[in-house]
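Residue numbers (my numbering): 628 to 866. Worksheet: one structure, shown below.
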C-alpha cells in the first residue's frame with residue numbers, strides 16, 4: 628500500500644522501516660501548538676515526556692522550555708509567540724512520537740487539522756512515489772488534563788487524531804493505493820462535522836471542562852494554515 632495508517636509508537640515501529648515519510652498527528656495538542664508556533668515564525672524542538680535530560684539538552688541549544696514561561700503545550704498560549712522563538716515542547720504523544728520517528732530514517736512531519744492539506748502535499752513531494760505512513764498519536768489512559776501520570780497507560784485511540792489523520796489521507800487523493808485503515812479514516816473525516824466532533828469527543832470535553840475550550844476551537848480549524856513542520860536535526864521547522 629502507498630498510504631498506510633497505524634496508531635501510536637507501535638505504528639511508528641511498524642511503518643518506520645518501509646515508509647519514506649512518517650506524518651505524526653496529535654491534534655490535541657502537540658501538532659496544533661507546533662503549527663501555531665511555526666506560523667508565527669518560531670521553531671519547535673520535540674521532547675519526550677518526562678525526559679529531563681532531553682529538556683536540559685534543548686535548553687543548552689537555546690530553546691525555551693514550555694511551562695517555564697507563558698508558553699505551554701496549550702495552543703492558545705502560543706498564538707502571539709514572537710518570531711524566532713525556539714520552543715522545547717514536551718508531550719506524552721506527539722513530541723514523543725516525533726522523537727521516535729526520527730530514529731527510523733524516514734522524513735518526519737507533524738500534521739493536524741489546521742495544516743492537513745499543506746502537510747499532505749509536502750509529504751507527497753518528499754516521498755516521491757514511495758510509501759507514506761500516517762501515525763495518529765492517540766491518547767494514553769491515565770494521562771489527561773486533570774491527571775498527568777508519570778507511567779504511560781495503554782493506548783486510547785481518539786476521535787481528534789483519527790480525523791486529523793483522515794483529512795491528511797484524504798488530501799493525498801491520487802497519490803496511490805490506501806490501506807483499509809487509511810481509507811476508513813479518510814471516509815470518516817469527510818463524513819462528519821469536524822468542529823462538532825472535536826467539541827463532543829472525550830479529549831475536547833476534558834479540555835473544555837478544565838476551562839480550555841478555546842484550545843479545542845483552534846485545533847478544529849481546518850486547512851487554515853499552510854505551515855508544514857518538518858523535523859530537521861531534532862527541530863520542527865516550516866519547510
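The beta-carbon is built from N, C-alpha and C at its ideal position, and this holds for glycine as well. Values in this document were obtained by computation on a predicted structure and should not be read as measured data.
Same chain only: Cβ atoms within 6 Å of residue i, ignoring 5 sequence neighbours per side
{"i": "residue 813", "result": "793, 796 and 797"}
{"i": "residue 831", "result": "825 and 843"}
{"i": "residue 699", "result": "693"}
{"i": "residue 734", "result": "648 and 753"}
{"i": "residue 722", "result": "657, 673, 674 and 716"}
{"i": "residue 841", "result": "703"}
Paired residues, beta bridge with residue i - DSSP
{"i": "residue 819", "result": "DSSP lists no partner for residue 819."}
{"i": "residue 856", "result": "865"}
{"i": "residue 738", "result": "652"}
{"i": "residue 670", "result": "713"}
{"i": "residue 783", "result": "766"}
{"i": "residue 700", "result": "Its beta-bridge partners do not exist; DSSP assigns none."}
{"i": "residue 631", "result": "760"}
{"i": "residue 675", "result": "718"}
{"i": "residue 805", "result": "630"}
Beta-carbon proximity of residue i to residue j, cut-off 8 Å
{"i": "residue 690", "j": "residue 728", "result": "no"}
{"i": "residue 759", "j": "residue 750", "result": "yes"}
{"i": "residue 629", "j": "residue 804", "result": "yes"}
{"i": "residue 768", "j": "residue 780", "result": "yes"}
{"i": "residue 713", "j": "residue 675", "result": "no"}
{"i": "residue 736", "j": "residue 639", "result": "no"}
{"i": "residue 808", "j": "residue 783", "result": "no"}
Chain-order list of residues whose beta-carbon lies under 8 Å from that of residue i (same chain, five-residue window excluded)
{"i": "residue 939", "result": "The displayed coordinates of the chain run from 628 to 866. Any statement about residue 939 would go beyond what the structure contains."}
{"i": "residue 868", "result": "Missing from the structure shown is residue 868; the chain here goes from 628 to 866 and no further."}
Start and end residues, alpha helix (DSSP H) containing residue i
{"i": "residue 719", "result": "Residue 719 -> no alpha helix (DSSP H), and no H or E assigned at all."}
{"i": "residue 642", "result": "635-642"}
{"i": "residue 832", "result": "829-836"}
{"i": "residue 845", "result": "840-846"}
{"i": "residue 706", "result": "No alpha helix (DSSP H) contains residue 706, which DSSP labels as neither H nor E."}
{"i": "residue 688", "result": "Where residue 688 is concerned, there is no enclosing alpha helix (DSSP H), given that its DSSP letter is neither H nor E."}
{"i": "residue 748", "result": "743-754"}
Endpoints, the beta strand (DSSP E) within which residue i is located
{"i": "residue 761", "result": "759-763"}
Proximal residues to residue i (C-beta, below 7 Å), its chain only, five neighbours per side dropped
{"i": "residue 865", "result": "665, 854, 855 and 856"}
{"i": "residue 789", "result": "763, 812 and 815"}
Supposed contact pair residue j and residue i - C-beta distance, whole angstroms, cut 8 Å
{"i": "residue 743", "j": "residue 849", "result": "7 Å"}
{"i": "residue 764", "j": "residue 650", "result": "That belief does not hold up - the Cβ atoms of residue 764 and residue 650 are roughly 11 Å apart, past 8 Å."}
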